[in-house]
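2 protein chains.
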Amino acid sequence: MLRPYGSTWKFGVRNQRPVICRQSRMGEETAARIEAATLRPGGVLCYVKWRMQQPDFEKRGGLVTVVTQDADSGEVLMVAYMNREAWEKTLNTGRACYYSTSRKQLWIKGETSGNVQDVKEIRVDCDADAVLLKVHQRGGAACHEGYRSCFFRTADQSGWRVVAERVVDPEKLYGKK
Amino acid sequence: MLRPYGSTWKFGVRNQRPVICRQSRMGEETAARIEAATLRPGGVLCYVKWRMQQPDFEKRGGLVTVVTQDADSGEVLMVAYMNREAWEKTLNTGRACYYSTSRKQLWIKGETSGNVQDVKEIRVDCDADAVLLKVHQRGGAACHEGYRSCFFRTADQSGWRVVAERVVDPEKLYGKK
Chain A
383 MLRPYGSTWK FGVRNQRPVI CRQSRMGEET AARIEAATLR PGGVLCYVKW RMQQPDFEKR
443 GGLVTVVTQD ADSGEVLMVA YMNREAWEKT LNTGRACYYS TSRKQLWIKG ETSGNVQDVK
503 EIRVDCDADA VLLKVHQRGG AACHEGYRSC FFRTADQSGW RVVAERVVDP EKLYGKK
Chain B
383 MLRPYGSTWK FGVRNQRPVI CRQSRMGEET AARIEAATLR PGGVLCYVKW RMQQPDFEKR
443 GGLVTVVTQD ADSGEVLMVA YMNREAWEKT LNTGRACYYS TSRKQLWIKG ETSGNVQDVK
503 EIRVDCDADA VLLKVHQRGG AACHEGYRSC FFRTADQSGW RVVAERVVDP EKLYGKK
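Those protein sequence lines, which keep their order, are chains A and B.
Read left to right, the first sequence gives residues 383 to 559 (my numbering).
Read left to right, the second sequence gives residues 383 to 559 (my numbering).
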């Protein structure tokens, strides 16, 4: 990629990997991993082949941990996992896709229940092995038990208590078994 | 445990495990796993030995996933992991303790940096393999890179961008290396 006019470049190391950062005219920073770079005498960058940064799927055996949060209320709805395919499908479709560790397959959230999650923002953590999705939860319930959030129980030394109301009948979500 | 006077009992199945629920006079529900139970003729419970519910550490090789959220703002601060020891230490001390998967040891958050997390509430998810901590973050920064949250970068198809301000100099948190 040729150096675009009007932007400045920084080299650096982030998470123990070489990165190149583009400081755009908007003051925003885009980081990518260098695959190849050529410098002119004096250290002037003249060519760089880069690859857009990806979450670190290698660190935890092919998966990253995903926290899904209601974009409006900030309520944490669920925790799940993504492999590379689920990550790319989420980016490309704007709907939350996970990897089901029990079914061992791609899990398009809401495909059966209709309770699709429309992704409003994606965040990545410092180690790039965890992802935060801010979503709009269609149908009101993220949890297969019919609660808005999977975290419907509180725990302390005296035990666990349900502290939320069911918003959907689970049998209506998946059909009576 | 003898049946306490003035409370009612329900048997049921939750997460594919037998549970007994005590409906106290306060209307709160405490659930525990049955280890042994004796019924009098007619199905009247006369004796039950129970164990307080624990997160499902077996499902993911001894660890549960932990999401840590600012108790006031709702901001997701970090994702980490707990083994049974970290879970019990968190319950007993009221301060967030994790299991460091890189150092392979108990990690008392803030022990080095001083940025302790005071736990205000603990939630457990439907499968009992993920925990949500609502905390007060001392020192303002949960992230070792000096940001309030580890999720300081946003991602979309065009790349990753830092969208938060550093609140602490990381060298001040851990000392210059």
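The beta-carbon is built from N, C-alpha and C at its ideal position, and this holds for glycine as well.
Nothing here was measured: the structure is a model prediction, and the numbers come from that model.
Beta-carbon proximity of residue i to residue j, cut-off 8 Å
i      : j      : result
A/R520 : A/N497 : yes
B/V506 : A/A462 : no
A/V515 : A/A478 : Here residue 515 of chain A is Leu; the residue named in the question, Val, does not match the sequence. In this structure, A/A478 lies closer than 8 Å to A/L515 by Cβ.
A/G522 : A/V549 : yes
A/T475 : A/V517 : no
B/V513 : B/M464 : yes
A/Y481 : A/K491 : no
A/A453 : A/E503 : yes
Extent of the continuous alpha helix (DSSP H) to which residue i belongs
i      : result
A/E467 : 466-475
A/K554 : 552-556
Residue i Cβ short of 7 Å to the ligand SAM heavy atom set
i      : result
A/V549 : By its list of ligands, the structure shown contains no ligand whatsoever, and the ligand SAM lies outside what it can speak to.
DSSP bridge partner residues for residue i (one or two, in chain order)
i      : result
B/A512 : B/T447
B/H526 : According to DSSP, which records beta bridges pairwise, B/H526 is partnered with nothing at all.
B/E440 : Its beta-bridge partners do not exist; DSSP assigns none.
B/D454 : DSSP, once it has assigned bridges, lists no residue as partnering B/D454.
A/G541 : A/D538
B/A462 : B/V448
A/Q519 : A/Q499
Beta strand (DSSP E) segment containing residue i, residue limits
i      : result
A/K502 : 499-506
B/A537 : 535-538
B/S482 : 479-482
A/Q487 : 487-490
Nearest residue (CA-CA) to residue i, options the options
i      : options                        : result
A/D511 : B/C508, B/E493, B/R535, B/D438 : B/R535
A/P437 : A/G541, A/L555, A/C508, A/D551 : A/C508
B/T447 : A/F533, A/Q499, A/A524         : A/F533
B/Y529 : B/G444, B/K471, B/K554         : B/K554
A/H526 : A/G444, A/D551, A/Q499         : A/D551
A/S531 : A/R442, A/Q435, A/E457, A/F439 : A/E457
B/L473 : B/R442, B/S455, B/Q435, B/G444 : B/Q435
B/A524 : B/Q499, B/E470, B/W489         : B/Q499
A/Y556 : A/S540, A/S495, A/Q539         : A/S495
B/Q539 : A/E470, A/G541, A/W489         : A/E470
Neighbour flag for residue i against chain C, beta carbons, 8 Å
i      : result
A/T494 : In the structure shown, chain C cannot be found, because the protein chains are A and B.
Segment contact flag, the region 539-550 of chain B with the region 476-485 of chain B, C-beta cutoff 8 Å, min 3 pairs: no
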